[in-house]
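To keep things clear, I will list the structure first and then write my remarks on it.
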Amino acid sequence: MWAIIRRAIVPAVLLAGGLASLIYGAIFHTVPVVEDHESETTIEVPAEFSPQPPMGENFAPDGAPFAAPLRMVKKKVTRVETVAALESEPAAMRDASVGGIELLESGELKRALVSNEGPALCPS
16 MWAIIRRAIV
26 PAVLLAGGLA
36 SLIYGAIFHT
46 VPVVEDHESE
56 TTIEVPAEFS
66 PQPPMGENFA
76 PDGAPFAAPL
86 RMVKKKVTRV
96 ETVAALESEP
106 AAMRDASVGG
116 IELLESGELK
126 RALVSNEGPA
136 LCPS
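In this text, residue positions in the sequence shown follow the numbering used here: the first is 16, and each later residue adds one.
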């Protein structure tokens with residue numbers, strides 16, 4: 016009797032432990048995936064910058080140079096910021112299989128696609 020119980024309980028416990036580990040890994044295990052986020056901002060920069068002040072009336076009476084006020088120009092600057100996000104293991108495996116995630120030389124995972132949709136089967 017004890018042999019029958021031992022033959023039934025040990026494999027059942029191992030099977031239950033394996034299933035619990037698989038479910039835990041699928042639901043809770045995450046991997047860091049880096050993404051590039053672009054942001055566009057407007058900054059003010061000097062229109063012209065001259066290290067030497069012009070000669071003539073730009074000098075104070077005591078001979079010390081003074082600078083004319085700089086004319087500022089607004090420029091749009093695009094900034095790319097790398098952000099790491101945690102992604103679930105099944106979603107990362109799905110994205111890696113369709114080419115949405117690539118492995119960098121540093122060992123990090125990087126999102127190759129901008130959208131969450133996979134690449135088209137037939138390029139147009």
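Think of the CB as a built atom: it goes at the ideal place given N, C-alpha and C, for glycine as much as any other residue.
Residue i - DSSP class collapsed to helix/strand/coil
| i | result |
| --- | --- |
| ARG86 | coil |
| GLU53 | strand |
| GLU102 | strand |
| LEU124 | strand |
| LEU34 | helix |
| LEU193 | Nothing in the structure corresponds to residue 193, since the chain is present only between 16 and 139. |
| PRO26 | helix |
| SER139 | Its pLDDT being 46, under 50, SER139 is placed unreliably in this model, and the coordinates cannot settle the point. |
Start-to-end residues for the alpha helix (DSSP H) that takes in residue i
| i | result |
| --- | --- |
| VAL113 | No alpha helix (DSSP H) holds VAL113; DSSP gives it neither H nor E. |
7 angstroms CB neighbourhood of residue i in its chain, flanking five on each side removed
| i | result |
| --- | --- |
| GLU117 | LYS125, ALA127 |
| LYS91 | GLU55, THR57 |
| VAL95 | ASP51, GLU53 |
| GLY40 | GLU104 |
8 angstroms Cβ cutoff met for residue i and residue j
| i | j | result |
| --- | --- | --- |
| GLU59 | LYS89 | yes |
| ALA99 | PRO47 | yes |
| PRO62 | MET87 | Looking at the sequence itself, residue 62 is Ala, so the reference to Pro does not match. Yes; because the gap between Cβ atoms is below 8 angstroms, this pair is in contact. |
C-beta neighbour in chain D for residue i, strict 8 angstroms
| i | result |
| --- | --- |
| VAL48 | Included in the structure is just one protein chain, with no chain D present. |
Distance cut-off 7 angstroms: residue i Cβ against heavy atoms of the ligand MG
| i | result |
| --- | --- |
| ALA106 | Among the ligands in the structure shown, none appear at all, so the ligand MG cannot be discussed. |
Spatial neighbours of residue i in its chain, beta-carbon cut-off 6 angstroms, leaving aside the 5 residues before and after
| i | result |
| --- | --- |
| HIS44 | GLU104 |
| MET108 | none |
Same chain, Cβ closer than 8 angstroms to residue i, neighbours up to 5 away in sequence not counted
| i | result |
| --- | --- |
| LEU101 | THR45, VAL46, PRO47, VAL48 |
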